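Engineer: Residue numbers (this note's numbering): 298 to 526.
1. Compare the Cα-Cα distances from residue 401 to each of 456, 307 and 473 and report the closest residue.
2. Kindly indicate which three-state DSSP category residue 495 falls into: helix, strand or coil?
3. Whole alpha helix (DSSP H) runs in the region 333 to 416 with 4 or more residues, listed along the chain?
4. Could you have a look at residue 323 and say whether DSSP puts it in helix, strand or coil?
5. So does the region 327 to 347 actually touch the region 385 to 404, counting three or more Cβ pairs closer than 8 Å?
6. So who's on the other strand from residue 432, going by DSSP bridges?
7. Taking the CB atoms as reference points, tell me whether residue 300 and residue 311 lie closer together than 8 Å.
8. With DSSP run on the structure shown, which of helix, strand or coil describes residue 465?
9. Confirm, please, whether the CB-CB distance from residue 313 to residue 347 is below 8 Å.
10. Within this structure, are the beta carbons of residue 559 and residue 505 separated by less than 8 Å?
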């Protein structure tokens, strides 16, 4: 059994999946800025409801970004802690892979977007073949309108970034592209669990000691004004 943890953005989620790729239980919620106080208790509750202990887990998976600087650190710290303390394999996927996963069989190219602030989105395009997800290009940060010229006909744009820029996407999107409106909250943990169980079976792990959050832009740190308490 694998536990998937997603705290990439203000929307968080958890999922349990077994070796047969069945989602046993999942929970998704809008955490805003409360990941540090909500995520660990949510894991305990998820396991209790399923009637299992942490010792029943065979692996832990984490969405490693891009996403919100603070929220990513919370999930990654918890996932690393579980991997270390229980001697579990740590499986990872990027948040953009996870966003694209549900739509990969519906079009030739799926472009996943996450809000990056400053009127921009983090994005990458993916395709699907023989049960695997393939990234078509490097992840990048762009203004939403810049995506349109780079995508081929019948491509799908999906992801939480649509919510923040819906007016722009619906107004300026060319007719040959499709939008996949996001769930609210997004159910990324289920997709993360499905991707990660496949990687677990193939022995594709990351070291808890060296795995780092995946940022496309360095976090902005605001220093307090001189004399402030």
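C-beta atoms are modelled at their ideal positions from N, C-alpha and C, and glycine is treated no differently.
As the structure is a computational prediction, the values presented were derived from the model and not from experiment.
Structural biologist: So, from the data block:
1. 456
2. helix
3. 366 to 383 and 392 to 397
4. Residue 323 falls in the strand class under three-state DSSP.
5. No, the region 327 to 347 is not in contact with the region 385 to 404.
6. Note: residue 432 sits in a beta bridge opposite 423.
7. yes
8. helix
9. Yes, the Cβ-Cβ distance between residue 347 and residue 313 is below 8 Å.
10. Look at the range of the chain in this structure, 298 to 526, and you will see that residue 559 is not part of it.
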